[in-house]
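First comes the structure, then the notes that go with it.
There are 4 protein chains.
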Amino acid sequence: MRTIVVICTGGTIEKVYSEQSGRVENLDGKIDGYLRMLRLPETRVVTVRLMNKDSLEMTDADRETVLETVREHAAGGTPMVITHGTDTMTETGLYLRDRLEGLRAPVVLTGAMTPLGFERSDGLQNLTESLLAAKILAPGVWLAMHNEVFPIDKVRKDRELARFVWK
Amino acid sequence: MRTIVVICTGGTIEKVYSEQSGRVENLDGKIDGYLRMLRLPETRVVTVRLMNKDSLEMTDADRETVLETVREHAAGGTPMVITHGTDTMTETGLYLRDRLEGLRAPVVLTGAMTPLGFERSDGLQNLTESLLAAKILAPGVWLAMHNEVFPIDKVRKDRELARFVWK
Amino acid sequence: MRTIVVICTGGTIEKVYSEQSGRVENLDGKIDGYLRMLRLPETRVVTVRLMNKDSLEMTDADRETVLETVREHAAGGTPMVITHGTDTMTETGLYLRDRLEGLRAPVVLTGAMTPLGFERSDGLQNLTESLLAAKILAPGVWLAMHNEVFPIDKVRKDRELARFVWK
Amino acid sequence: MRTIVVICTGGTIEKVYSEQSGRVENLDGKIDGYLRMLRLPETRVVTVRLMNKDSLEMTDADRETVLETVREHAAGGTPMVITHGTDTMTETGLYLRDRLEGLRAPVVLTGAMTPLGFERSDGLQNLTESLLAAKILAPGVWLAMHNEVFPIDKVRKDRELARFVWK
Chain A
2 MRTIVVICTG GTIEKVYSEQ SGRVENLDGK IDGYLRMLRL PETRVVTVRL
52 MNKDSLEMTD ADRETVLETV REHAAGGTPM VITHGTDTMT ETGLYLRDRL
102 EGLRAPVVLT GAMTPLGFER SDGLQNLTES LLAAKILAPG VWLAMHNEVF
152 PIDKVRKDRE LARFVWK
Chain B
2 MRTIVVICTG GTIEKVYSEQ SGRVENLDGK IDGYLRMLRL PETRVVTVRL
52 MNKDSLEMTD ADRETVLETV REHAAGGTPM VITHGTDTMT ETGLYLRDRL
102 EGLRAPVVLT GAMTPLGFER SDGLQNLTES LLAAKILAPG VWLAMHNEVF
152 PIDKVRKDRE LARFVWK
Chain C
2 MRTIVVICTG GTIEKVYSEQ SGRVENLDGK IDGYLRMLRL PETRVVTVRL
52 MNKDSLEMTD ADRETVLETV REHAAGGTPM VITHGTDTMT ETGLYLRDRL
102 EGLRAPVVLT GAMTPLGFER SDGLQNLTES LLAAKILAPG VWLAMHNEVF
152 PIDKVRKDRE LARFVWK
Chain D
2 MRTIVVICTG GTIEKVYSEQ SGRVENLDGK IDGYLRMLRL PETRVVTVRL
52 MNKDSLEMTD ADRETVLETV REHAAGGTPM VITHGTDTMT ETGLYLRDRL
102 EGLRAPVVLT GAMTPLGFER SDGLQNLTES LLAAKILAPG VWLAMHNEVF
152 PIDKVRKDRE LARFVWK
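Residue numbers (the working numbering), protein chains in the order written: chain A, 2 to 168; chain B, 2 to 168; chain C, 2 to 168; chain D, 2 to 168.
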């Protein structure tokens with residue numbers, strides 16, 4: 002039985018449709034609910050909710066909070082998944098990598114182009130992939146989406162294609 | 002084998018999530034795709050696409066277009082379903098009722114609070130109900146949603162509750 | 002607020018896939034769980050579990066139990082839906098019709114060709130339709146499936162087509 | 002752009018519910034349809050259909066056919082996923098391992114406890130995981146399911162738990 006810590010920060014993957022506003026918004030956390038749809042008999046998943054924000058609104062203070070949480074769990078070698086908005090996912094990833102020396106566990110950033118539970122969503126695919134990546138990748142900061150694993154300094158978002166590409 | 006004409010005008014029921022804008026928008030028609038998920042062996046469904054608009058943007062010219070289409074099919078006694086945004090659904094319904102004398106077929110307005118294919122959507126339920134209502138209701142203009150059938154002059158939208166209520 | 006009683010007897014609509022046996026079986030009731038996926042704000046649904054059987058195994062004693070339950074609720078004019086296996090659905094329906102004189106509420110039999118929650122299932126469509134049919138049909142014994150409502154003496158199952166047809 | 006070959010042999014993951022027999026059977030291939038639900042922009046997936054069998058019916062001649070297909074693609078270093086029934090998945094895996102010397106690519110066996118598209122199915126999760134595992138694991142024969150990756154000689158099926166466990 003291995004432990005994986007899932008750090009939730011918001012982003013498109015967790016957005017919900019508001020019937021009152023007609024917009025998609027970060028109102029309630031969705032990660033726990035969708036994790037229950039996966040079978041994880043050999044894995045203890047611990048979710049940590051830090052914030053629930055569109056990643057365009059993330060500040061350096063928010064990134065510092067993420068960093069502290071990662072540091073805390075990395076000390077014991079626990080693999081981590083961070084769910085995050087795609088617009089500044091690489092920014093947060095590089096922020097972490099620059100401040101985490103001698104990292105002893107993989108830290109895998111993931112998110113979605115379409116919210117969990119919406120038709121054609123990539124959210125559950127990315128969550129599934131990042132949990133497996135957290136188990137088998139070497140220590141380091143990674144981004145996992147759409148059946149691809151990128152070292153955090155080799156990846157950028159292509160907005161028109163609505164996906165991440167190698168840089 | 003009975004024919005039902007489904008007149009598509011847009012509204013929340015047909016909205017899609019745009020990965021480029023992060024908003025839900027009326028970009029592509031969705032009714033045909035979701036009708037294929039229903040079993041309708043004794044029914045010939047003919048869909049007519051008139052427009053794909055948020056109902057707050059519907060004009061009287063749009064309503065006139067709907068009216069003409071309804072008149073055309075009502076002449077032969079063909080039951081009709083109209084998919085429509087909820088914000089002005091009753092307005093369009095009353096517009097039709099006031100101009101359709103001696104209606105010989107049921108005209109059933111429906112829509113959704115959450116777009117088809119989004120988690121917890123009521124779209125397919127409402128589509129299913131309105132197709133059955135079109136088969137068994139008496140001639141007249143009706144609104145069918147959430148297991149309730151309202152004569153068009155007895156119903157109003159309650160925005161906070163996100164549903165229609167008797168008036 | 003109207004009450005509808007849903008009487009559950011089993012059948013394909015409630016079958017589940019057993020990972021131990023590799024077969025689909027009537028193990029746990031499914032109707033309540035799927036009813037929660039529908040929006041029924043103006044309706045009080047009361048489910049009554051009588052049995053959970055493949056309808057080929059239903060006996061006349063089982064039909065008598067159904068009859069007693071229907072009688073009890075029909076006295077107050079409460080509409081009813083009966084979920085039932087398709088193989089003997091018409092047999093049970095005729096059994097009820099022959100023994101219910103002066104019926105004051107609609108009794109709507111329904112079921113499914115593929116269990117609720119399996120890909121391409123017709124279960125939720127049929128459940129949705131039968132709940133609406135229960136609200137708007139005249140008193141009598143009916144069968145509602147696949148956007149069609151049949152008087153119970155005018156319908157038979159076509160096994161090859163996997164649906165009900167007019168007789 | 003990397004290529005992954007997906008070799009389809011049947012098993013529970015591909016079973017469908019037959020409305021005529023009321024049983025789940027290996028009638029039509031399902032892997033291609035479900036692969037289309039995943040986003041694989043950096044991956045070229047080539048599916049190869051060898052058979053569509055319950056794995057209890059697989060013969061050594063069938064395993065020889067799988068072996069030949071694996072050999073053909075392994076020569077070029079192409080990672081492979083094999084979808085397979087769970088009852089004899091380890092048997093096929095060991096058969097391959099014993100006959101593949103100097104394997105230059107990962108070969109990942111996967112399957113499902115509940116067929117793709119049935120409620121609570123683990124099929125899409127396992128397919129997602131095995132495709133990622135095929136990209137990042139070292140050469141060798143592996144089994145990937147339920148967020149766990151096992152070397153083929155360290156795993157056995159636990160029928161009561163309906164999952165694979167370490168041995």
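Here a beta-carbon is modelled for each residue, glycine too, at the ideal position from N, C-alpha and C.
| Item | Value |
| --- | --- |
| Completely contained beta strand (DSSP E) runs for the stretch 84-131 of chain A, where each covers 3 or more residues | 107-111 |
| Neighbour list for leucine 138 (chain B) in chain C, Cβ cutoff strictly below 8 Å | Ile137 |
| Within 7 Å of chain C by C-beta, residues of the stretch 23-48 of chain B in sequence order | Leu39, Arg40, Leu41, Pro42, Glu43, Thr44 |
| Proximity test, Cβ basis, 8 Å: alanine 134 (chain D) and chain G | Absent from the structure is chain G; the protein chains it does hold are A, B, C and D. |
| Spatial distance of phenylalanine 165 (chain A) from valine 6 (chain C) (CA atoms) | 52 Å |
| Where leucine 162 (chain B) sits in the DSSP three-state scheme | coil |
| Proximity test, Cβ basis, 8 Å: glycine 175 (chain C) and chain D | Here chain C has residues from 2 to 168 only, and residue 175 (chain C) is not among them. |
| Residues that DSSP places opposite leucine 39 (chain D) in a beta bridge | Answer is none; leucine 39 (chain D) lacks a bridge partner. |
| The stretch 80-95 of chain A in contact with the stretch 128-146 of chain A per 3-pair CB rule at 8 Å | yes |
| Cβ contact (3+ pairs, closer than 8 Å) linking the stretch 107-118 of chain B and the stretch 15-32 of chain B | yes |
| Outcome for alanine 134 (chain A) when other beta-carbon atoms lying within 10 angstroms are tallied against a minimum of 16 | buried |
| Endpoints, alpha helix (DSSP H) assigned at arginine 64 (chain B) | 61-75 |
| With 16 other Cβ atoms within 10 Å as the buried cut-off, status of alanine 75 (chain D) | buried |
| Continuous beta strand (DSSP E) stretch holding isoleucine 5 (chain A): start and end | 3-11 |
| Beta-ladder partner(s) of glycine 141 (chain A), from DSSP | A:Pro107 |
| Neighbour-count burial assignment, lysine 31 (chain B), 16 or more Cβ in a 10 Å radius | buried |
| Alpha-carbon to alpha-carbon, arginine 100 (chain B) and glutamate 20 (chain D) | 47 Å |
| Which listed residue (D:Asp61, D:Phe151, D:Val82) has its alpha carbon closest to that of arginine 45 (chain D) | D:Val82 |
| Straight-line Cα distance separating proline 116 (chain A) from leucine 128 (chain A) | 12 Å |
| For glutamate 58 (chain D), the first and last residue of its enclosing beta strand (DSSP E) | Premise fails: glutamate 58 (chain D) is in no beta strand (DSSP E) and is neither H nor E. |
| Between the CA atoms of serine 56 (chain D) and aspartate 123 (chain D) - distance to the nearest angstrom | 18 Å |
| Nearest residue (CA-CA) to alanine 106 (chain B), options B:Asn53, B:Ile137, B:Lys158 | B:Ile137 |
| Span of the beta strand (DSSP E) around lysine 176 (chain A) | In the structure displayed, chain A extends from 2 to 168; residue 176 (chain A) sits before or after that span and is not available. |
| Minimum C-alpha distance to tryptophan 167 (chain D) - residue among A:Asp29, A:Glu43, A:Thr48, A:Cys9 | A:Glu43 |
| Whole-angstrom distance between leucine 104 (chain C) and threonine 89 (chain B), CA atom to CA atom | 40 Å |
| Beta-carbon gap between cysteine 9 (chain B) and arginine 50 (chain B) smaller than 8 Å | yes |
| Nearest residue (CA-CA) to threonine 84 (chain C), options C:Glu120, C:Arg98, C:Val67 | C:Val67 |
| Outcome for leucine 172 (chain A) when other beta-carbon atoms lying within 10 angstroms are tallied against a minimum of 16 | There is simply no residue 172 (chain A) to check, as chain A begins at 2 and stops at 168 in what is shown. |
| Contact with chain A by glutamine 126 (chain D), beta-carbon distance below 8 Å | yes |
| Between the CA atoms of glutamate 65 (chain C) and aspartate 33 (chain B) - distance to the nearest angstrom | 44 Å |
| Residues sharing a beta bridge with arginine 157 (chain C), DSSP | C:Val166 |
| Min CB distance glutamate 149 (chain D) to chain A below 8 Å | yes |
| Option nearest aspartate 29 (chain A) by Cα separation, candidates A:Gly11, A:Ser22, A:Arg40 | A:Gly11 |
| Nearest residue (CA-CA) to glycine 86 (chain C), options C:Gly77, C:Met52, C:Tyr35, C:Gly118 | C:Met52 |
| Near-chain D residues of the stretch 104-116 of chain C - C-beta to any C-beta below 9 Å | Met114, Thr115, Pro116 |
| Rounded straight-line distance, which links the Cα of glutamate 26 (chain C) to that of valine 47 (chain D) | 36 Å |
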